[in-house]
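See structure below.
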Amino acid sequence: MLSLLIALPLLGTLIVALLPEKHGRLTGRAIAFTVAILSFVWSVLLGFKFDAELTSLQFVENLPWIAQLGLSYRLGLDGLSLPLVVLNGLLTWIAVYSTDPDIQRPRLYYSLILLLNAGVVGAFLSHNLLLFFLFYELELIPLYFLIGIWGGARRGYAATKFLIYTAFSGVLILAGFLGVVWLSGADSFEYNPALAASLPLSSQFLLLGTLLVGFGIKIPLVPFHTWLPDAHVEASTPVSVLLAGVLLKLGTYGLLRFNQGLFPEAWAIAAPYLATWAVVSVLYGAFTAIAQKDMKKMVAYSSIGHMGFILLAAAAATPLSNLGAMFQMVSHGLISALLFLLVGVVYKKTGTRDITVLRGLLNPERGLPLIGSLMIAGVMASAGIPGMMGFISEFLVFRGSFPVFPVQTLLSMVGTGLTAVYLLLLVNRTFFGRLPDQFSNLPRVEWRDRIPGIILTVLIILWGLQPSWLVHWSETTLTAMLTGPGAIATTPLVTPSTTSPKTSLKVL
Amino acid sequence: MNMVSTRDRITSEHPLASLIYRIEEGGALLPESPDNVVEVVGILKSYGHVLDAYWQNLVYIADHQFLELFPFFKYFNGDVSTKKLLRHWWHDRINYEFAEYCMKAMLYHGGGGLDSYLDSPEFTQRAQAAGQAKLKGNFLMSGVTKAFPGFLPEQIRQLCYYSALGQFWEVMSSMFLVLSDRYDRGEIHSINDVVQHVKNGLVEAASKPITYTVMIDGKPYDIIPKSAGLTFLMDTAVPYVEAVFFRSFPFMGTVSYNAQAQQISPEPERFNYGALYADPLPVGGAGIPPTLLMQDMRHYLPDYLHEFYQHSLRGEEDLRVHICISFQKSMFCVTTAAILGLMPHPVDTTDPQERQTNRTYLEGWMNRLVDSRLVSLQDCGV
Amino acid sequence: MDQFLFDTCWWIPCYGLLGAILTLPWSTGLVRQTGPRPAAYFNLFMTVVAFLHGLFVFRATLGHESQEFIIHWLKAADLDLSLALEVSPVSMGAAELVTGLSLLAQFFALGYMEKDWALARFFALMGFFEAAMSGLALSDSLFLTYALLEMLTLSTYLLVGFWYAQPLVVTAARDAFLTKRVGDVLLLMGVVALASMAGSLNFNDLYEWAETAELNPVVSALLGLALIAGPIGKCAQFPLHLWLDEAMEGPNPASILRNSVVVACGAYVLLKLQPILVLSPVASTALVVLGTMTAIGASLVAIAQIDIKRALAHSTSAYLGLVFIAIGTQWTNFAFYILFAHAIAKALLFMSTGAVIVTTSTQDITEMGGLWSRMPATTTAYLVGSAGLISLLPLGGFWAMREGVNIYWVDAPWLVVVIFLVNALTALNLTRVFRLVFLGQPQPKTRRAPEVPWMMAIPLVSLSVITLLVPVMLQGLSFLPSWDYFNWQTALPLVLSGAAGCLVGSTIYLNRTWARPIQAPLKFIQDLLAYDFYVQRLYEVTVVWLVSTVSRVSAWFDRYVLDGFVNLVGFVSIFSGESLKYSISGQSQFYLLTILIGVSIFGALLTFVLH
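Residue numbers (numbering that gives the first Met the number 0), protein chains in the order written: chain A, 0 to 507; chain B, 0 to 381; chain C, 0 to 610.
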């Protein structure tokens with residue numbers, strides 16, 4: 000069942016790559032499109048069959064592979080991976096759909112996109128450390144080429160930077176995994192939350208640190224983030240969508256699964272520092288975004304800030320905050336994908352992303368009015384306006400983290416305020432005002448440019464109004480992660496006084 | 000511009016000197032080009048149709064909705080049916096609001112004999128008589144008019160403008176439709192032909208009297224009698240050009256009304272928001288009243304013009320902007336006709352004294368057109 | 000049927016939302032052949048339905064205990080977010096005020112905006128606005144209230160930004176959003192903290208919690224201040240008040256609502272929070288201090304305005320300042336009276352203003368004059384609105400202020416002085432505006448000024464009648480004291496303060512050309528007031544400067560220090576030079592190379608493990 004999610008895109012990759020050259024453009028696109036839709040639909044079907052009440056892994060597949068290495072092909076789905084798998088399917092489909100049909104070297108492009116999809120799904124499904132690492136590395140290579148071949152003017156620089164950073168992240172992750180298995184004396188790389196429980200605290204810290212940096216690069220957390228703005232600026236729109244929407248989630252997924260999950264004890268001790276680190280990431284991302292002139296760079300820095308919320312929530316490690324982290328992953332995935340898509344349309348039509356140059360694009364006849372309206376929706380969602388997904392995810396994060404880290408949570412909330420500042424400036428500068436004469440003859444906006452944005456906006460609003468539909472998938476798993484063997488024991492500083500009415504606050 | 004002859008001419012220091020020369024040599028404000036002819040004639044045809052609807056409604060309101068407090072059906076021209084009501088509610092109709100907008104611009108900016116007549120004792124007396132006849136037996140309104148003596152006369156002044164603008168547009172509408180017919184018959188080949196047609200039309204109607212009589216209880220009341228001596232050209236056409244082509248009102252969508260920001264001139268005569276000045280780009284957006292006119296005209300575009308627009312980058316999507324640009328082109332042709340019609344001496348005079356007078360007259364016009372859209376229309380299509 | 004209407008009272012906010020959604024085909028430009036008016040009619044119809052439905056429920060609630068509806072929305076871990084609605088005479092009355100004024104404002108907009116092709120978008124926003132406000136009136140959960148307040152912020156942004164191509168609108172919309180957002184984020188901090196401490200966000204649970212909670216004084220002070228920050232922004236109180244002035248760039252029908260019920264929504268939230276604010280004496284003091292500062296400051300600023308909308312908008316801030324004082328001193332009745340009387344009278348004044356603007360095409364009162372005899376409905380509306388606002392017996396403003404004067408007469412006489420001052424200054428301002436706009440000789444822009452058409456005249460006249468009926472309504476709800484208890488000792492000075500204001504206003508010399516005073520001190524004061532005490536400059540040199548400096552520094556740091564360091568370390572610079580060009584032309588070799596490197600590292604590590 001789960002293997003199909005990996006096999007389908009891999010098969011698609013092969014077929015597209017082996018197509019005769021003259022069929023690449025149309026047939027290649029059609030195949031990629033079909034495969035993307037099929038795996039998306041399949042993931043949604045799995046979601047319906049998924050039993051949200053169960054704490055255990057579901058649809059497990061376990062095949063021995065290289066026993067000597069402790070490598071087995073072990074896949075499973077739980078509430079943490081399911082939403083991300085579905086998100087990956089959706090965004091891959093959107094990426095294929097929004098690709099320019101006249102793209103250069105279509106066969107290579109589409110097969111790389113599908114390969115990327117396979118790698119990411121594999122990583123989310125793996126329950127063997129080594130297998131996870133293999134997929135994690137597998138995803139790196141197509142993305143490198145996608146940036147390096149179809150990117151902007153400095154694509155080589157950006158792609159190489161991305162490759163080196165992520166390869167380094169991979170090495171650290173591998174080292175961490177090897178260390179865990181090696182030190183704990185386990186006989187295989189099978190994922191088991193209790194794997195590191197027996198280790199002395201010092202080794203736990205060492206391994207946790209290694210993995211944190213490894214995943215921290217991918218998320219990315221300040222100061223390991225400098226590859227991201229470059230990669231986004233140079234990547235083409237569909238690749239940016241995948242990068243922000245799904246790829247970064249591998250980092251936060253790792254944070255929850257392999258850091259918080261494997262080293263609960265060390266995690267609980269490190270948590271205050273992690274929360275502070277999160278605050279730095281949030282504020283740094285937000286402030287740096289304010290000073291950006293390039294729309295894409297601004298959205299990229301906003302991603303850095305928003306990913307910081309996930310670290311905050313993960314650090315707090317309460318059932319609610321973990322749920323918030325999960326929700327934030329999905330909502331950031333959809334919202335940043337939407338923003339990158341729309342920026343992409345603006346860039347395609349006007350030839351620039353400079354907010355000091357663009358003006359008045361809301362003009363109903365000659366501008367991009369619908370794109371502008373969607374942009375306002377996306378911006379408001381990102382700034383956490385209620386009624387959309389961004390609000391409820393941030394609320395869950397804050398509400399979940401506040402009892403544990405009140406000060407850090409409050410400081411992070413300043414970050415949401417700042418998000419409104421830069422994104423509003425972006426919308427105000429580029430879409431309001433009079434359309435300048437230099438942009439008075441923009442090409443027509445096709446429905447193909449609009450549909451992905453509309454779909455994402457509808458989803459963002461839908462889940463913003465009905466978050467329970469998403470929450471119920473993940474709640475059991477995330478709660479179990481914190482109550483299972485060796486669960487984290489962070490102590491709330493603030494407790495509801497309904498349980499003990501006389502509690503007086505000693506914080507602040 | 001090959002028509003420029005090399006005969007000796009006095010040079011002009013005016014920034015729009017080239018246009019002055021062109022008019023002196025028999026040309027128009029709008030450069031001559033085949034595309035311009037298609038656009039101007041085509042748009043004047045649809046404008047003619049729209050004006051036809053506008054004038055009928057204006058005259059209907061003036062004559063049949065006289066001092067009605069709640070004129071629910073004022074846009075129905077007396078033909079109220081469920082079907083029409085539903086279409087009206089669905090907004091599948093001519094935007095008569097724009098006709099009223101132009102009427103208000105004329106009322107606001109005044110000028111001409113009509114304006115001074117409305118301030119005369121004769122008007123006050125006639126308005127009083129009609130008003131009293133209309134409100135006979137309506138004690139509430141009689142009370143209001145006693146407490147607020149300016150109310151009724153001001154409403155009737157507005158109705159006079161309804162009627163006057165209606166009568167003006169009646170002439171213009173048929174003039175434009177005849178132009179289109181002549182074009183279809185192959186009689187119009189150039190911008191000059193268009194200007195000539197409009198000019199002849201204006202001259203022909205110049206002394207047509209403007210009057211306004213309203214029937215109350217079967218009894219006619221003259222509000223503007225023929226004896227007031229108001230005529231088509233000087234008392235409606237000229238104030239119309241001034242109020243609608245030049246001044247108009249600041250658009251809420253582009254100009255701030257904030258008093259402290261001082262974006263609007265305190266003197267209405269310095270307003271320059273009229274049809275010749277308006278920026279066509281924001282048309283279709285919020286707070287741009289001419290959108291209504293462009294929207295009305297889109298329904299009457301002749302096929303050849305519609306097809307012409309389809310070849311543009313955005314096709315149907317920015318139709319109203321295209322219509323607006325063509326409309327401004329055509330209005331510059333009408334302005335040319337007005338300039339020629341009002342010229343102190345014939346344009347082809349050889350008397351140096353007369354040519355000098357003409358030159359001064361033209362420079363006066365050009366001063367006002369310096370900031371208009373005219374300059375931006377010069378380079379296209381030539 | 001009755002029970003059905005009662006049980007479905009949560010539809011009342013939904014009608015406006017539904018109307019807004021129905022406008023989508025027009026507002027998104029899908030319908031191009033026909034005009035946008037059906038969208039406007041849908042919204043009007045929905046508002047009528049909401050009003051009638053609300054009216055029914057309101058009548059049913061009179062004399063009954065309040066009832067609570069709870070809709071469970073999100074239950075996750077220890078969090079139980081429910082959308083609680085309170086159905087009580089007060090909440091339904093507030094919802095009725097919102098839908099009623101919204102109905103009149105939308106009707107007015109049919110005339111005011113008749114030449115605006117973006118009518119559908121305007122009505123969609125009005126529907127959204129109305130939905131958020133009536134939801135706020137019914138909300139009985141701080142969570143829902145917060146969410147709706149943010150929706151109001153959003154819709155204010157969109158409504159102020161309605162004429163998005165106009166340069167001043169661009170900055171006005173931005174400032175309105177960001178100023179309110181500052182308050183909202185602080186409020187969110189309070190909400191999150193409160194949720195964690197009290198365990199629930201329904202007001203009833205919060206009240207219960209507040210009765211027994213013992214908080215550290217610092218915590219309670221911070222909590223209280225965070226909670227009042229949102230309403231400070233919403234009610235345009237110092238220091239978050241400037242947006243209201245700028246928001247006057249928006250269309251007038253939206254200003255009608257903004258100056259009457261939108262600002263009142265902020266105060267309504269504050270009223271809801273009042274039992275919790277009791278926990279924090281600091282917050283209560285802050286309310287009184289800020290309220291007093293705004294009440295007097297804004298009244299003074301209003302007098303120096305030459306823009307007709309702004310002259311009235313600043314007085315809105317002043318009246319909301321009185322509400323803040325009332326809530327800060329725990330006199331919620333006084334707050335409710337002021338809100339009610341002010342909302343109706345101010346809405347009427349703004350309608351009258353709209354009629355003037357649409358007729359004269361200007362907002363500069365120094366360019367107006369002599370309108371009264373030609374515009375009966377507009378003039379009457381202005382007079383009635385003014386009378387309803389100041390303490391003119393027996394209209395609403397009098398009863399509201401009388402309540403305050405009675406309350407503070409003994410305990411806090413200086414607050415009585417504040418009320419007298421606001422009353423007198425408002426009277427002065429309204430008289431001044433009346434003289435400039437309606438009296439005197441016609442000016443070029445008011446030379447021809449026919450009364451507005453019926454679409455605008457009907458709401459003008461109706462609301463004038465309603466304003467005159469406010470005392471009757473108050474009587475009907477038995478809010479008025481009986482004559483036996485009527486205290487002439489307090490009422491007389493109040494009426495006299497208003498009369499004094501009118502007297503001064505009608506005698507001072509008004510300069511139509513707005514020539515500058517010659518004496519330096521006068522000129523200074525005039526500028527100081529006209530430019531709102533230069534608070535804008537204050538923002539610029541503090542908050543705005545701080546944020547932009549920090550952001551520039553961090554961007555510089557990111558670009559040159561962090562990224563520069565990475566490049567210096569050299570991984571990237573090795574590849575970024577000549578080898579890049581190589582990678583583009585002869586890709587395949589380079590790809591192979593990269594894959595090889597990756598695989599070999601992996602292999603090497605694996606071998607390492609095996610041994």
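Note that beta-carbon positions come from the ideal geometry of N, C-alpha and C, so glycine has one too. Bear in mind the structure is a predicted one, so any value in this text is a computation, not a measurement.
A/P63, DSSP secondary structure in three states: Along the first sequence, one-based indexing puts residue 63 of chain A at 64. If DSSP states are grouped into helix, strand and coil, A/P63 belongs with the strands.
Where the beta strand (DSSP E) containing B/I222 begins and where it ends: Indexing the second sequence from 1 puts residue 222 of chain B at position 223. Here the beta strand (DSSP E) through B/I222 covers 218–223.
Rounded straight-line distance, which links the Cα of A/A265 to that of C/R143: As a working note, residue 143 of chain C is residue 144 in the third sequence. As a working note, residue 265 of chain A is residue 266 in the first sequence. The sequence shown places Leu at residue 143 of chain C, not Arg. Looking at the two C-alpha atoms, the distance is approximately 38 Å.
Sub-8 Å separation of B/E31 and B/I190 beta-carbons: Locating residue 31 of chain B in the second sequence gives position 32, counting from the first residue. Locating residue 190 of chain B in the second sequence gives position 191, counting from the first residue. Yes, Cβ-Cβ distance for B/E31 and B/I190 is below 8 Å.
The stretch 382–390 of chain A touching the stretch 447–465 of chain A, judged by at least three CB pairs closer than 8 Å: yes
Pairwise C-alpha distance: A/F262 and A/G178: Within the first sequence, residue 178 of chain A is the residue found at index 179, counting from 1. Within the first sequence, residue 262 of chain A is the residue found at index 263, counting from 1. Between A/G178 and A/F262, the C-alpha separation is close to 13 Å.
As assigned by DSSP and simplified to three states, the class of C/A212: Taking the third sequence and counting its residues from 1, one reaches residue 212 of chain C at position 213. Of the three classes helix, strand and coil, the one that applies to C/A212 here is coil, per DSSP.
Proximal residues to C/G189 (C-beta, below 7 Å), its chain only, five neighbours per side dropped: Taking the third sequence and counting its residues from 1, the one referred to as residue 189 of chain C is at position 190. Closer than 7 Å at the Cβ level, and outside the excluded window around C/G189, lie L222, A225, L226.
Span of the alpha helix (DSSP H), counted from its first residue to its last, around C/D526: Position 527 of the third sequence holds residue 526 of chain C. Per DSSP, C/D526 belongs to the alpha helix (DSSP H) from 519–529.
Contact residues within the stretch 312–333 of chain B, judged by C-beta distance below 8 Å to chain A: L312, R313, G314, E316, D317, L318, R319, V320
Close beta carbons around B/K328, own chain, < 7 Å, minus the five adjacent residues each side: For the purposes of this step, residue 328 of chain B is taken as residue 329 along the second sequence, with counting starting at 1. Closer than 7 Å at Cβ, skipping near neighbours: L29, N35, E38, V39, L376.
Run of the beta strand (DSSP E) containing B/M214, from where it starts to where it stops: The residue given as residue 214 of chain B occupies position 215 in the second sequence. Where B/M214 is concerned, the enclosing beta strand (DSSP E) stretches over 211–215.
Beta-bridge partners of C/F323, as assigned by DSSP: As a position in the third sequence, residue 323 of chain C is number 324, starting the count at 1. According to DSSP, which records beta bridges pairwise, C/F323 is partnered with nothing at all.
Proximity test, C/I524 beta-carbon vs the ligand MN heavy atom, cut-off 7 Å: This structure simply doesn't include the ligand MN, nor any ligand for that matter.
C/T315 beta carbon less than 8 Å from that of C/A235: For the purposes of this step, residue 235 of chain C is taken as residue 236 along the third sequence, with counting starting at 1. For the purposes of this step, residue 315 of chain C is taken as residue 316 along the third sequence, with counting starting at 1. Contact: yes.
Residues that DSSP places opposite C/R447 in a beta bridge: Translated into positions along the third sequence, residue 447 of chain C becomes position 448. Beta-bridge pairing links C/R447 to no other residue.
Own chain residues within Cβ distance below 7 Å of B/M251, not counting five before or after: Counting from one through the second sequence, the residue named residue 251 of chain B turns up at place 252. Correct list, in chain order: G286.
Partner residues on chain B for C/I524, Cβ-Cβ distance less than 9 Å: The residue given as residue 524 of chain C occupies position 525 in the third sequence. In chain order: nothing, as chain B lies at least about 16 Å away.
Cut-off 8 Å between Cβ atoms - residues of its own chain near A/I30, not counting five sequence neighbours on either side: The count along the first sequence starts at 1 and reaches residue 30 of chain A at position 31. Answer for A/I30: G11, I14, V15, L18, Y109, listed in chain order.
For C/Q304, the nearest candidate out of C/A94, C/R180, C/R431, C/V30 (CA to CA): As a working mapping, residue 304 of chain C is identified with position 305 in the third sequence. Closest by alpha carbon: C/R431.
DSSP beta-bridge partners of A/Y72: Here residue 72 of chain A corresponds to residue number 73 of the first sequence, with the count starting at 1. A/L62.
CB contact flag (C/N201, C/A76, <8 Å): One-based indexing of the third sequence puts residue 201 of chain C at position 202. One-based indexing of the third sequence puts residue 76 of chain C at position 77. Result no, Cβ atoms of C/N201 and C/A76 do not sit closer than 8 Å.
Burial state of C/V86 (16 or more Cβ within 10 Å): As a first step, residue 86 of chain C must be located in the third sequence, where it is residue number 87. By the Cβ-count criterion, C/V86 is buried, with 16 or more other Cβ atoms from all chains shown falling within 10 Å of its own Cβ.
Residue of C/N486, C/V191, C/D174 minimising C-alpha distance to A/V319: If you number the first sequence from 1, residue 319 of chain A lands on position 320. Sequence inspection shows Leu at residue 319 of chain A; the Val mentioned does not correspond to that position. Of C/N486, C/V191, C/D174, the residue nearest in Cα terms is C/V191.
Close Cβ partners of C/L424 (< 7 Å) along its chain, the five nearest in sequence each way excluded: Translated into the one-based positions of the third sequence, residue 424 of chain C becomes position 425. If you ignore the 5 residues before and after C/L424, its C-beta comes within less than 7 Å of the C-beta of S298, L299, I302, G500, all in its own chain and listed in chain order.
Inter-stretch contact at 8 Å, needing at least 3 Cβ pairs: the stretch 161–172 of chain B / the stretch 132–145 of chain B: No: fewer than three Cβ pairs fall under 8 Å.
Spatial distance of C/G62 from C/P88 (CA atoms): The residue labelled residue 62 of chain C in the question sits at position 63 within the third sequence. The residue labelled residue 88 of chain C in the question sits at position 89 within the third sequence. Spanning the two alpha carbons is a distance of roughly 8 Å.
Own chain residues within Cβ distance below 8 Å of B/A163, not counting five before or after: Within the second sequence, residue 163 of chain B is the residue found at index 164, counting from 1. If we look at B/A163 and ignore the five residues flanking it on each side, its Cβ neighbours are M105, L113, I209, Y211, I223, L229, D234, T235.
Residue-level contact to chain A via CB, B/G283, 8 Å cutoff: Here residue 283 of chain B is taken as the residue at index 284 of the second sequence, counted from 1. It does; some Cβ of chain A falls within 8 Å.
Backbone secondary structure at A/E189 - three-state DSSP: The count along the first sequence starts at 1 and reaches residue 189 of chain A at position 190. Three-state result, A/E189: strand.
8 Å Cβ cutoff met for C/D139 and C/A59: For the purposes of this step, residue 139 of chain C is taken as the residue at position 140 of the third sequence. For the purposes of this step, residue 59 of chain C is taken as the residue at position 60 of the third sequence. In this structure, C/A59 does not lie closer than 8 Å to C/D139 by Cβ.
Any C-beta of chain A under 8 Å from that of C/S279: Here residue 279 of chain C is taken as the residue at index 280 of the third sequence, counted from 1. So no, C/S279 is outside the interface.
Straight-line gap, C/I20 to C/G134 (C-alpha atoms, nearest Å): Residue numbering aside, residue 20 of chain C sits at position 21 when the third sequence is read from its first letter. Residue numbering aside, residue 134 of chain C sits at position 135 when the third sequence is read from its first letter. If I take the Cα positions, the gap works out to 16 Å.
Between the CA atoms of A/R352 and C/G576 - distance to the nearest angstrom: The residue you call residue 576 of chain C lines up with position 577 of the third sequence. The residue you call residue 352 of chain A lines up with position 353 of the first sequence. Confidence at C/G576 is low in this model, with a pLDDT of 46, below 50, so its placement is unreliable and no value can be given for it.
Extent of the continuous beta strand (DSSP E) to which C/L80 belongs: Within the third sequence, numbered from 1, the residue matching residue 80 of chain C stands at position 81. Membership of C/L80 in the beta strand (DSSP E) is indicated by the continuous run 78–86.
Assigned exposure category for C/L155 - 16 Cβ within 10 Å defines buried: For the purposes of this step, residue 155 of chain C is identified with residue 156 of the third sequence, where counting begins at 1. Checking the sequence, you will find Thr at residue 155 of chain C rather than Leu. That one is buried.
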